[in-house]
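J.: Position 38, counted from 1, in the sequence shown is what my numbering calls 40; the numbers after and before it change by one each time, with no gaps.
Attaching a single structure in structure tokens format; questions to follow.
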Amino acid sequence: MPVTSVGDMAQQFVSMRNGGRIKTDLSQLAQSLSTGRVTDVTATLGGETARLSGINYTLNQLESYEQVSKETTQTLSGIQTILSQVNSLRAQTSEQLLLLSDESNPSQIDEAGRASRETFNQMIATLNTRVADRSLLSGSAVEAQALADGDDMIADMIATLGGATTSDDILQGIDTWFDDPAGGFETMGYLGDRGPDPEKRLSDTKSLVIDARANDAEIINLLKAAAVAAIADELPTIDLQTKSTLLQSAGRSLFAAADGMVDVQARIGFSEANIARWAAELNAEKTALQIAKNDMISADPFDTASRLQSAQLQLETHYSVTARMSRISLLDYI
Numbered sequence: 003m004p005v006t007s008v009g010d011m012a013q014q015f016v017s018m019r020n021g022g023r024i025k026t027d028l029s030q031l032a033q034s035l036s037t038g039r040v041t042d043v044t045a046t047l048g049g050e051t052a053r054l055s056g057i058n059y060t061l062n063q064l065e066s067y068e069q070v071s072k073e074t075t076q077t078l079s080g081i082q083t084i085l086s087q088v089n090s091l092r093a094q095t096s097e098q099l100l101l102l103s104d105e106s107n108p109s110q111i112d113e114a115g116r117a118s119r120e121t122f123n124q125m126i127a128t129l130n131t132r133v134a135d136r137s138l139l140s141g142s143a144v145e146a147q148a149l150a151d152g153d154d155m156i157a158d159m160i161a162t163l164g165g166a167t168t169s170d171d172i173l174q175g176i177d178t179w180f181d182d183p184a185g186g187f188e189t190m191g192y193l194g195d196r197g198p199d200p201e202k203r204l205s206d207t208k209s210l211v212i213d214a215r216a217n218d219a220e221i222i223n224l225l226k227a228a229a230v231a232a233i234a235d236e237l238p239t240i241d242l243q244t245k246s247t248l249l250q251s252a253g254r255s256l257f258a259a260a261d262g263m264v265d266v267q268a269r270i271g272f273s274e275a276n277i278a279r280w281a282a283e284l285n286a287e288k289t290a291l292q293i294a295k296n297d298m299i300s301a302d303p304f305d306t307a308s309r310l311q312s313a314q315l316q317l318e319t320h321y322s323v324t325a326r327m328s329r330i331s332l333l334d335y336i
């Protein structure tokens with residue numbers, strides 16, 4: 003029977019190759035045991051990776067939608083906070099102005115006028131609030147300020163009024179400034195986008211429109227009422243009775259503006275509820291896909307530990323045999 007002999011150098015190469023293979027197996031098994039995932043996904047799936055690729059693609063999409071959902075939730079929350087603060091200013095000013103009457107003394111009227119002037123600026127500043135350097139009430143033009151400064155708007159309104167001194171003329175002039183589609187508030191007051199409301203894609207089948215801007219009719223009505231009270235403190239040519247009449251009219255209009263503000267807040271609240279529900283659905287779908295993915299690529303801890311122990315024993319045996327063979331000499335056979 004012929005015997006195939008292996009030279010010392012060849013035997014060394016064979017030993018090194020076997021040792022390297024065992025070390026590689028040991029390293030992969032140790033990694034699988036620590037991560038809980040197989041190291042060779044393709045081999046584990048028998049080359050059938052299409053389903054796993056589909057799951058990964060869908061998970062990436064869901065993560066993108068999840069990020070949009072979080073950003074939209076923050077935007078809606080910010081808008082709701084702004085509306086709440088503005089409505090609080092409305093309520094405080096309305097309450098103060100409704101206390102005025104034809105019998106109010108000059109100091110009460112003057113103080114109400116000064117407070118109303120400050121409140122108008124506070125309302126404008128609040129509506130111009132930015133979050134993460136993005137304007138929340140300027141539509142798609144998030145880089146733009148939603149409204150012109152309060153002082154600038156008041157100055158433009160006063161210029162429009164000319165020399166009006168009666169309460170009726172002043173009220174009519176302010177109405178015109180806010181309602182004129184070719185001037186006033188439309189061209190100078192509101193600085194944001196006038197196109198379609200921004201739409202956020204939250205899934206393959208769902209999208210949400212953020213329908214709240216500083217030029218909404220409800221907000222314009224509120225600002226119009228606040229402007230009447232603010233201008234009453236800026237017209238030195240009107241008499242005290244006219245000033246009182248303007249402030250009382252503004253108080254009633256501010257009180258009536260409450261319903262409109264509630265409507266806007268309700269719209270935003272409805273959107274918040276929708277996005278919360280859709281986010282929960284996305285999270286459930288994402289969890290189900292993660293479970294399916296883990297079932298495909300997870301390593302059985304008991305099987306992996308057993309194979310790791312076997313590989314360790316195999317490596318120890320390999321080193322032991324290699325060391326023993328390296329000590330063999332001709333004298334052992336004489």
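Here a beta-carbon is modelled for each residue, glycine too, at the ideal position from N, C-alpha and C.
Just so we're clear, the structure is a prediction, and the values are computed from it rather than from any experiment.
Would you call the CB atoms of alanine 143 and glycine 194 closer than 8 Å?
T.: In this structure, glycine 194 lies closer than 8 Å to alanine 143 by Cβ.
J.: Would you mind stating whether glutamine 250 and leucine 91 have Cβ atoms separated by less than 8 Å?
T.: Contact flag unset, no.
J.: What is the DSSP secondary structure of lysine 288, reduced to helix, strand or coil?
T.: DSSP places lysine 288 in helix when its eight states are reduced to three.
J.: How far does the beta strand (DSSP E) with lysine 245 in it reach, from first residue to last?
T.: Lysine 245 -> not in any beta strand (DSSP E); alpha helix (DSSP H) instead, spanning 242 to 258.
J.: For alanine 259, which residues of its own chain have a beta-carbon under 7 Å away from its beta-carbon, when the five flanking residues on both sides are left out?
T.: Closer than 7 Å at the Cβ level, and outside the excluded window around alanine 259, lie Arg92, Asn223, Leu224 and Ala227.
J.: Compare the C-alpha of glutamate 65 against each of Asn285, Asn296 and Gly186 and name the closest.
T.: Comparing Cα positions, the closest option is Asn285.
J.: What does a CB cutoff of less than 6 Å around isoleucine 126 pick up in its chain, not counting 5 residues either side in sequence?
T.: Excluding residues within five positions, the ones whose Cβ falls inside 6 Å are Leu149 and Gly152.
J.: Beta-carbon within less than 6 Å of alanine 234's beta-carbon, same chain only, minus the 5 sequence neighbours each way: which residues are those?
T.: Same-chain partners within the cutoff: Gly115, Lys245, Leu248 and Leu249.
J.: Once you ignore the five residues that flank glutamine 94 on each side, which residues in its own chain have a CB closer than 8 Å to its CB?
T.: Around glutamine 94: Thr121.
J.: Taking the alpha helix (DSSP H) that arginine 92 belongs to, which residues open and close that run?
T.: Segment 52 to 100, the alpha helix (DSSP H) holding arginine 92.
J.: Whose CA, out of Ser140, Ser79 and Glu236, lies closest to the CA of arginine 215?
T.: When only C-alpha atoms are compared, the closest one is Ser140.
J.: Could you round the C-beta distance between isoleucine 270 and leucine 85 to whole angstroms and report it? I think they count as a contact, below 8 Å.
T.: So it is a contact: roughly 7 Å between Cβ atoms.
J.: Which residue wins for smallest C-alpha separation from phenylalanine 187, given the options Ala281, Glu201 and Asp158?
T.: Residue Asp158 is the option with its Cα nearest to phenylalanine 187.
J.: Ordered along the chain, which non-local residues of its own chain (more than five positions away) have a Cβ less than 6 Å from that of glycine 253?
T.: Closer than 6 Å at the Cβ level, and outside the excluded window around glycine 253, lie Ser96, Leu99 and Leu100.
J.: Hey, would you say serine 205 sits closer than 8 Å to leucine 78, going by beta carbons?
T.: Contact: no.
J.: Please state the DSSP three-state secondary structure of arginine 215.
T.: Reduced to three states, the DSSP call for arginine 215 is coil.
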